[in-house]
Structures are given as structure tokens and as C-alpha cells.
Amino acid sequence: MTTTRDPLGDRTPADAPRFGFGAGIGDPGPLGLAGFAGTTFFLSAVNTGLLPESVGGVVLGLAFFYGGLAQLLAGMWEFVKGNTFGATAFASFGAFWLSYYFLVFHVAGGLKAAPSDINHALAWYLLVWTIFTAYMTIASSRVSLAVLAVFAALTLTFLFLTLGKFASSGDSLTKIGGWLGFVTAVLAWYASMAAVTNATFKRIVFPVFPRV
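Going by my numbering, the first residue of the sequence shown is number -13, and it counts up by one from there.
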């Protein structure tokens, strides 16, 4: 039987602990990747202009429960499994979506600042995530090609969204970031589909090209 590797980590079912801390816990990777993909996909529809900004608040439910809580839980389970990369990635991006929900729902409407100042503040917020994603991309190069593709596309997505907020008229840059977000979502969905399908079939059905 061919073993399948955790798509975001450094353990396989064969070398996971049989007893003790982390024993009997399934792979949280597909859940975390799917939560990230679904929320990114919807928000990218707004960033590209396929959906009007007036309905952008619809993403908040996804951001809180699926992109946020589901990923945060996946990150905690990755910690239990001993997967440092997966835990850091899922916990961080779960916190990203929760913070996005909080900013939009609780903060943005009450800010007494000029629109240009708000855009610059959001640009710095996005820059934080661009930097984080960039160095996680370096680490992902030792995980799998599928995960590396997700993080490389996400780095570019954050970069263009950041530049769009810094620019005085950055609609075109934001739209590019939105289209890159679609690419990121599709890549993350593929990695999620591959992980859950391979685990279910107990063989490689969809390759992720592991590097470790």
C-alpha cells in the first residue's frame, strides 16, 4: 500500500505516533486548505469586480467561520501532529480571516479618517501578510510542489493588493490581485482535493509532488 503524505507537513500516517499525544488524529490539511480556498475565492470575486463592493460584506460569514475558525482549528490540530509548517500556516491565516472580519465589521465603519489614510493603513496591514507569506513560501519549497504553488500565488496576490492600496488610484492593481486570488484559490482547492482523495483511496490519485 502506498502511503500518502500530509500535504502541509512532515509526517505520514506510517510515522505518526501510534499512542500518546497526537495519536488517532486525522490529517487537518484538507480542511485548512478548503477553508482558505473558499473564502479567498469569494473575496477575489469582489476584488476583480465580478461582484460589486456593495455585497462585499457577504464574505464575512465565510471569513469568520470557514476561513477563520476552521483554519485556526486545523492549525491547532497540526500542532498536535507535530507539523510546524502546517500549524504556523493554518493558525496564521485563520487569524488573518478573523482579523479581516473584525476590521470590516467592527472597525472600518467607525474610523474617523480620510479615505486615503484608511487605504494606507490597509496597505500596511496587507504588507504584513505579504511579508509573512513570502517567507512561508521559502519554507513551502521543502513541502510539495502543490503547496509551493499555493504560497507563490498567494504572495503575488497579497503584493498586488498591497500595491493597490498604496496607489492613489489602484483599482487595476487590486483587480490583478483579485485574479491572482482566483488562481490561489484553485491551487489550494486542488491541494485539498488531492489530500482528502488520496487519504480516502489510500493511494496517490492526485499527485502533490512532495519534496520532503
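C-beta: ideal position from N, C-alpha, C; glycine also.
With a cut-off of 8 Å on the beta carbons, I'd call P16 and A181 a contact; round off their distance for me. Distance from P16 to A181 at the Cβ level is roughly 4 Å; contact confirmed, criterion being Cβ atoms closer than 8 Å.
Would you report the Cα separation of M62 and V129, rounded to the nearest angstrom? Going by the C-alpha atoms only, they are around 19 Å apart.
By the three-class DSSP mapping on this structure, what secondary structure does S130 have? Of the three classes helix, strand and coil, the one that applies to S130 here is strand, per DSSP.
Which whole-angstrom value describes the C-beta separation of F137 and W115, a residue pair presumed to lie in contact below a C-beta threshold of 8 Å? Actually they are not in contact, since the Cβ atoms of F137 and W115 sit about 12 Å apart, beyond 8 Å.
I need the boundaries of the alpha helix (DSSP H) containing A94, first residue and last residue. Careful: A94 lies outside any alpha helix (DSSP H) and carries neither H nor E.
For L112, which residues in the same chain have their Cβ closer than 8 Å to its Cβ, ignoring the five residues on either side in sequence? F144, L147, T148 and K151, listed in sequence order.
Same chain, Cβ closer than 8 Å to A153, neighbours up to 5 away in sequence not counted: L159.
For W165 versus A23, is the C-beta spacing smaller than 7 Å? No, the pair does not count as a contact, with Cβ atoms beyond the cut-off.
Provide the residue span of the alpha helix (DSSP H) that contains Y176, from first to last. Y176 -> alpha helix (DSSP H) spans D157 to F187.
Among G156, N105, F76 and A77, the one whose alpha carbon lies nearest that of V90: The alpha carbon of V90 has as its nearest neighbour, out of G156, N105, F76 and A77, the alpha carbon of N105.
Relative to the alpha-carbon of A31, which residue among V169, N184, F195 and A20 has its alpha-carbon at the smallest distance? Looking at the Cα atoms, V169 is the closest of the given residues.
Three-way DSSP call (helix, strand, coil) for P196 in this model: Reduced to three states, the DSSP call for P196 is strand.
For L36, does the count of other Cβ atoms within 10 angstroms reach 16, so buried, or fall short, so exposed? So L36 counts as exposed.
Residues near V191 by beta carbon distance below 8 Å, same chain, minus five either side: Around V191: A180, T183 and N184.
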